[in-house]
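*Asks:*
4 protein chains.
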Amino acid sequence: MTDIKAALRAQRIETPSWAYGNSGTRFKVFAQQGVPRDPYEKLADAAQVHAYTGIAPTVALHIPWDKVDDYADLARHARDLGVGIGAINSNVFQDDDYKLGSVTHPDARVRRKATDHLLECVDIMDATGSDTLKLWFSDGINYPGQDDLRARQDRLAESLAEVYDRLGEGQRFLLEYKLFEPAFYATDVPDWGTAYAHCVKLGPKAQVVVDTGHHAPGTNIEFIVAFLLREGKLGGFDFNSRFYADDDLMVGAADPFQLFRIMYEVIRGGGFTDEVAFMLDQCHNIEPKIPGQIRSVMNVQEATAKALLVDRAALSAAQQAGDVLGANAVLMDAYNTDVRPLLAELREEMGLAPDPMAAYATSGYFEKIAAERVGGNQAGWGA
Amino acid sequence: MTDIKAALRAQRIETPSWAYGNSGTRFKVFAQQGVPRDPYEKLADAAQVHAYTGIAPTVALHIPWDKVDDYADLARHARDLGVGIGAINSNVFQDDDYKLGSVTHPDARVRRKATDHLLECVDIMDATGSDTLKLWFSDGINYPGQDDLRARQDRLAESLAEVYDRLGEGQRFLLEYKLFEPAFYATDVPDWGTAYAHCVKLGPKAQVVVDTGHHAPGTNIEFIVAFLLREGKLGGFDFNSRFYADDDLMVGAADPFQLFRIMYEVIRGGGFTDEVAFMLDQCHNIEPKIPGQIRSVMNVQEATAKALLVDRAALSAAQQAGDVLGANAVLMDAYNTDVRPLLAELREEMGLAPDPMAAYATSGYFEKIAAERVGGNQAGWGA
Amino acid sequence: MTDIKAALRAQRIETPSWAYGNSGTRFKVFAQQGVPRDPYEKLADAAQVHAYTGIAPTVALHIPWDKVDDYADLARHARDLGVGIGAINSNVFQDDDYKLGSVTHPDARVRRKATDHLLECVDIMDATGSDTLKLWFSDGINYPGQDDLRARQDRLAESLAEVYDRLGEGQRFLLEYKLFEPAFYATDVPDWGTAYAHCVKLGPKAQVVVDTGHHAPGTNIEFIVAFLLREGKLGGFDFNSRFYADDDLMVGAADPFQLFRIMYEVIRGGGFTDEVAFMLDQCHNIEPKIPGQIRSVMNVQEATAKALLVDRAALSAAQQAGDVLGANAVLMDAYNTDVRPLLAELREEMGLAPDPMAAYATSGYFEKIAAERVGGNQAGWGA
Amino acid sequence: MTDIKAALRAQRIETPSWAYGNSGTRFKVFAQQGVPRDPYEKLADAAQVHAYTGIAPTVALHIPWDKVDDYADLARHARDLGVGIGAINSNVFQDDDYKLGSVTHPDARVRRKATDHLLECVDIMDATGSDTLKLWFSDGINYPGQDDLRARQDRLAESLAEVYDRLGEGQRFLLEYKLFEPAFYATDVPDWGTAYAHCVKLGPKAQVVVDTGHHAPGTNIEFIVAFLLREGKLGGFDFNSRFYADDDLMVGAADPFQLFRIMYEVIRGGGFTDEVAFMLDQCHNIEPKIPGQIRSVMNVQEATAKALLVDRAALSAAQQAGDVLGANAVLMDAYNTDVRPLLAELREEMGLAPDPMAAYATSGYFEKIAAERVGGNQAGWGA
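Residue numbers (our numbering), protein chains in the order written: chain A, 1 to 383; chain B, 384 to 766; chain C, 767 to 1149; chain D, 1150 to 1532.
1) Our contact map puts GLY959 (chain C) next to GLY576 (chain B) with C-beta atoms below 8 Å; I'd like the distance itself, whole angstroms only.
2) Check the DSSP bridge columns for HIS1211 (chain D) and list the partner residues they point to.
3) State the start and end residues of the unbroken beta strand (DSSP E) segment that holds PRO782 (chain C).
4) ARG938 (chain C) bridges to which residues according to DSSP?
5) Identify the contact partners of VAL1090 (chain C) in chain A, using a Cβ-Cβ distance below 7 Å as the criterion.
6) List the residues of chain F that GLY1173 (chain D) touches, going by C-beta distances under 8 Å, in chain order.
7) For PRO983 (chain C), which residues in chain B fall below 9 Å Cβ to Cβ?
8) Just list the residues that DSSP pairs ASN405 (chain B) with in beta bridges.
9) Measure from the alpha carbon of LYS1350 (chain D) to the alpha carbon of each residue in D:TYR1313, D:VAL1488, D:GLY1513 and D:ALA1507, then state which is nearest.
10) Going along chain A, which residues have a C-beta under 7 Å from TYR1393 (chain D)?
11) Would you kindly work out how many angstroms separate the C-alpha atoms of VAL189 (chain A) and ILE1373 (chain D), rounded to a whole number?
12) Do ALA303 (chain A) and the ligand HEM come close, with the Cβ less than 7 Å from some heavy atom?
13) With distances taken Cα to Cα, identify the nearest neighbour of TYR1126 (chain C) among C:LYS1055, C:ALA1083, C:ALA1093 and C:LEU1109.
14) Compare the Cα-Cα distances from GLY1525 (chain D) to each of D:PHE1392, D:ARG1410, D:GLU1190 and D:ALA1221 and report the closest residue.
15) When you check each C-beta in the segment 1023-1049 of chain C against every C-beta of chain A, which residues fall closer than 9 Å?
16) In three-state DSSP terms, what is GLN48 (chain A)?
17) Output yes if chain A places a C-beta closer than 8 Å to the C-beta of TYR718 (chain B); else output no.
18) Quick one: what's got a C-beta closer than 6 Å to ALA390 (chain B)'s C-beta in the same chain, skipping five residues either side?
19) Starting from the Cα of ALA599 (chain B), find the closest Cα among B:LEU444, B:MET740, B:PHE567 and B:GLU541 and give me that residue.
20) If you reduce the DSSP assignment to three classes, tell me which class MET1045 (chain C) lands in.
21) What residues from chain C crowd round LYS1327 (chain D), counting only those whose CB sits closer than 8 Å?
22) Where do the ends of the alpha helix (DSSP H) carrying VAL634 (chain B) lie?
23) Which chain B residues are close to ARG1489 (chain D), counting only those with a beta carbon under 7 Å from its beta carbon?
24) Using a beta-carbon distance cut-off of less than 9 Å, what residues from the segment 1154-1174 of chain D approach chain C?
25) On the CB-based measure, 16 or more other CB atoms within 10 Å of its CB, does VAL649 (chain B) come out buried or exposed?
26) Starting from the N-terminal side, write out each stretch of the beta strand (DSSP E) that is 3 residues or longer and does not extend beyond the segment 1421-1470 of chain D.
27) Of all Cβ atoms in chain D, is any one closer than 8 Å to the Cβ of PHE993 (chain C)?
28) For a test of the three-state rule: what should DSSP assign to SER1390 (chain D), helix, strand or coil?
29) With ASP211 (chain A) as the anchor, note down where its beta strand (DSSP E) starts and where it stops.
30) Among B:ALA710, B:MET681 and B:GLY705, which residue has its Cα nearest to the Cα of LEU698 (chain B)?
31) Residues in the segment 674-689 of chain B with C-beta within 8 Å of chain D's C-beta atoms, listed in sequence order?
32) Does the beta carbon of ASP1404 (chain D) come closer than 8 Å to any beta carbon on chain B?
33) What's the call for GLU1068 (chain C), buried or exposed, on a 16-neighbour Cβ count within 10 Å?
34) Figure out for me which residue from C:ASN1006, C:ALA844 and C:GLN1086 has the closest Cα to the Cα of HIS488 (chain B).
35) What's the C-alpha gap between ALA429 (chain B) and ALA580 (chain B)?
36) Output yes if chain A places a C-beta closer than 8 Å to the C-beta of GLY1362 (chain D); else output no.
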């Protein structure tokens, strides 16, 4: 149990700056009270999540949403708040030029613009000290024949190579894949195989990031995790949960058992280290933002604790013996354990309140920002 | 062939006013040139679609997007353009009050407001002479436990009953179902069974509308069509096509064979009449709007022509004989026929250009609206 | 807690006779040791499940697999073993005549034969005292056009009406639906809506049975449960679990959270009574049969216990207040509770061993049947 | 058109020996008249398909189903019938030893046995002159925890390496992937990415084979085809079609537009050569076998003809111009063309009847085999 607590204490979950801003569906963005109006306020909110959970010390930025004049100042601001800058997320999907693609666009001018943005993100990594660039491309096509599937791969490869070459010592990029949306007929990086194949060719600084909401129905995500770890190509996670498509709900809310299985494969595959980034990528469309993030961090933590509890010796023995029910039971024993008392204890040992949700709720922070953050433009997807 | 031509000549496909405005995904709405700025301009664009296809004589309105002071004037404007007002579409999903639902909201005040909007839509039907109200509810929940699934059905039933009672002579409403989006865990009318059960209880003025993009993967839509026709409960279609979710692409673009099978069941089930409304409900996110609608109308027309070509006597004989391959071949013979020459001929008989896409492209209409419609706010989802 | 224990003590889960025989996929049936060779031996195995769990007192039969000369004798045998005969399951899918359908077959002779079988099943209900007939039809078509979708509904309705009329006092039938398999293009009862519509027309003795593995990806099963309970049309469950299709794995093995949500809706909707039959319908292709059933009964029991633990007053208050995270948290608190100690305690109060799996494993029963049941034909799907 | 005809004349589609035997689902195998009883009779039936289509000159074997004492004699027999032996398909899923896996089984003895079978298949390639080994593994697990996902990859890699090393000059193997069935929780080669990664490591003699029925819902298969061709790793196809799962219906029956798109990517990617094997892998559960194969071959041929008709210069110009509707229209023009007259003409130029289905039906072959093939054991899956 000491080992488990030590492991849990060392866990690091990164929250995304955009989770603190407004978000919604194509039908409606519902505004909330107290939403940040700039990157500084987003960091302040993220610092709250860390203050109550103790395991969310970094914040991912999204460029250009989090563009500032002075990144060193922003990084300093973060440090003052007790957090740090995490991954830099590029954005090549919200400019009118990108209607038919960014790095895979048929027009070389648009591709140049998109690649330049990616290179600029590396500059921001240099300025902020971030070591990770996250690349998600909305590129794809809506209609069969609209563009040439293979030529788009050539263009993608060319842009990725240029960005790869620009990466400095200790820097890497994570390539994200997504089955569909916003492109509907074909996306240019639809699955882990595509991302993997590109990363293998590029080299060790290119790795795959698994967004748990980006798969076809029926996909076994933990298999992908196990496989990528075996290949040394798992760079990290964008955690969230989904019932149908890329719903971007709180991680663990739709299928907590799946989250547990994923965390088990991470641990079994040696991925429970700093080499694999555990990031949240969620939209709190209807629930309050900061509590939504706190709950999500706790959900990952609970799944991790359960995965750490698996009796791996017993599991391995049952597996070797071909004892189907016995092996399954070992896993389920860990999953069925209520780890909340253990985590409450751990938090107290870390000097935190045992119940982060309750502690935040009674802290007065929400009332403060609701009162203060009036006027100005609320941050949201695209701002 | 004369019969088939007569049937095709009588076909009526309704285009939606919102298809002429800008649309997009949650990631980005790409603006296009020449997009209408008010309902009057939308009707003008819709009239173009009818002018070139000859079978799109009505336009669906969306309230409040198409709210005007004087609906009689709008209807007159439509008539002057050679088209008429079709179904009235309600909208209870774009007000901040509806964050947790409209007619199923836990708060009675919000439910009242939503139902009042629906009743107002019936007023607009009276004012415009529309006989059809289309009800789609974005209502649902994102998280297990968020609200009570059954209580929401009670509230839904109550609101529907009030609207039903308000319907006048010759008026009806169509209840739409949708698997998910914008609610992710549960929607309050997720499938045809739910819509059907409510409609059966209400009576003959309540019918189900099938949006072809609103089903789970693997759903056999033509079965639903056949079943609802058998029950007298198929009120109409919202046509579009999808590869993954509710993609709202041009109908027939993703699976033209499916569209043909649907049209075959419509005809076989006696639904190829004015009682079943054939409506488009699409978003042209990246392609130009008017040509997108023309192509869509043509796609439905081609599928209809093929379905009319099915040799039903031969089909029935093969089915009765248990001749699996023979029966399938009868259907496929019709599907594999190139009906474009027949339709070109029909158009010429109707005094139209044989190729609507080409005729529109060279008409100069787009250049005209691109030049004229500068300034003002472009219409879009939500406006 | 006393109430919860009382409720759990009253729970009744029915195991299926066919779960004790061999089963497999289309690729291979793997034989196991000690498998029963006749219905008497199946009942003996089922009695073991009841002996160790205390809540599995009835056994479903499958006709003709469980055909015997003297059903009264079989029922007596069951009673002697401490169990009773549960639902009678019809089988109109394993005769060469049914290649193109049974009650929906284009040939009236085959339909007659199929309906006669269903009527015979009611005779067996009379003979065994069973009050429930379960109707699953493999009927459907593989190719578009193969048969007429609507005519098949007419035939189905005709057969169901005949069977309905034959039902005696206190008897009912449950109509099962299934998305696909063994028919691939269309099944004649593909979804709950179809089953529901037929049952509503027939009357109160016709109800819908929900097999948890028979839905399209993304279907919210607990919504269906809630809806059918609201309509008084939920007759029972065929429990099992699935990752992809109709995998027929142990219930709760694939998504224990979903099982919990289903049980919550059952309880909330007043379905936790004898009116709703809780049946297992599973195939233990690779795991041993009796332990597979014991584990499954325990999984349902654990989900039930958690569902009973939900603080419904707190839940309702949070729902009414629109507190999304709070309401979700109430549900999750119950789900995250480890109910195994409670259930162990309950079993001891019932005079049972606290750990049914361990108790069975050390009982020597398996060794006994493995030694005794040598020679003869092992029972399996189709025998 | 001359070029297109020349290309179509050169097309080669391989039919599988097992398609001529009985097949079914886990629920029932329906026996048909005239079904072959040994590999010699299967080849005779396959020769009929070639005789009427002119483009099905080879037959895939399945070991041990098609085991004979003298493969040279079997090959001679094939030649006498006008056909040749195609790919050798291994079978490591129908022995009781393989209940928990074959090459990935936890027990080294079983793995040895499975690998030995694969090596024996290479011996049979030597004996028959076949140059292609097709590897499909049913390996996987049904329950989380049942076995170690990663260890199974290690075992798979080890076995594949041994088989790879055994391949002679001019021989290759094709590795097949499959999402699920008969394993339900995880399969050991679930997707193209897994197959690809193994093949890349092994070298040029290892390639991926795409079974069109083995994907998750929503997967864009033609993207995979385009990607694998770009990487030089597309070895061939197992063609069939599906509505839901691995239905193994006639290719082109469920989604002819998808088949066309696949063939378009094959041609565009330079894969329309002898390097890519076009094989059928289907089960004619309810339709007659030989006509089922003839129809399937024709379906692939029709899709190919349409794909060859695509005006690639016009397509490329529209794509470069960002003309979404124009580019889509170029593709659809080809798809909407009725190619049956062209193919009838081609057949007559090849000395064949213009309508293969009709020609076979009136040939008397079926009546002959139905009369002759009485007694003995009909071939089927597993025999």
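Note that the Cβ used here is the ideal one computed from N, Cα and C, for glycine as well.
Bear in mind the structure is a predicted one, so any value in this text is a computation, not a measurement.
*Replies:* This is what the structure holds:
1) 2 Å
2) Answer is D:ASN1238, bridged to HIS1211 (chain D).
3) In this chain, the beta strand (DSSP E) harbouring PRO782 (chain C) covers 779-782.
4) For ARG938 (chain C), which the question treats as bridged, DSSP gives the partners C:THR898.
5) In chain order, ILE286 and GLU287 make up the part of chain A whose C-beta sits under 7 Å from the C-beta of VAL1090 (chain C).
6) Among the chains of the structure shown, chain F does not appear; the protein chains present are A, B, C and D.
7) ALA599, PRO600 and GLY601
8) B:GLY763
9) D:TYR1313
10) Near TYR1393 (chain D) there are no residues of chain A at all, since even the closest Cβ is about 11 Å away, more than 7 Å.
11) 11 Å
12) Although the ligand HEM was asked about, the structure shown includes no ligands whatsoever.
13) C:LYS1055
14) D:GLU1190
15) PHE1023 and GLN1024
16) helix
17) no
18) Cβ neighbours of ALA390 (chain B) beyond the five flanking positions: LEU691.
19) Distance from the Cα of ALA599 (chain B) is smallest, within the candidate group B:LEU444, B:MET740, B:PHE567 and B:GLU541, for B:PHE567.
20) strand
21) Correct list: empty, because the minimum Cβ distance to chain C is about 11 Å.
22) Per DSSP, VAL634 (chain B) belongs to no alpha helix (DSSP H) and is neither H nor E.
23) ASN719
24) SER1172, GLY1173 and THR1174
25) Answer is buried; the Cβ neighbour count reaches 16.
26) 1426-1429
27) no
28) strand
29) 206-211
30) It is B:ALA710 whose Cα lies nearest to the Cα of LEU698 (chain B).
31) Within the segment 674-689 of chain B, those residues whose Cβ lies closer than 8 Å to any Cβ of chain D are, in chain order, PRO674, GLY675, ARG678 and GLU685.
32) yes
33) buried
34) C:GLN1086
35) 35 Å
36) Closer than 8 Å: no.
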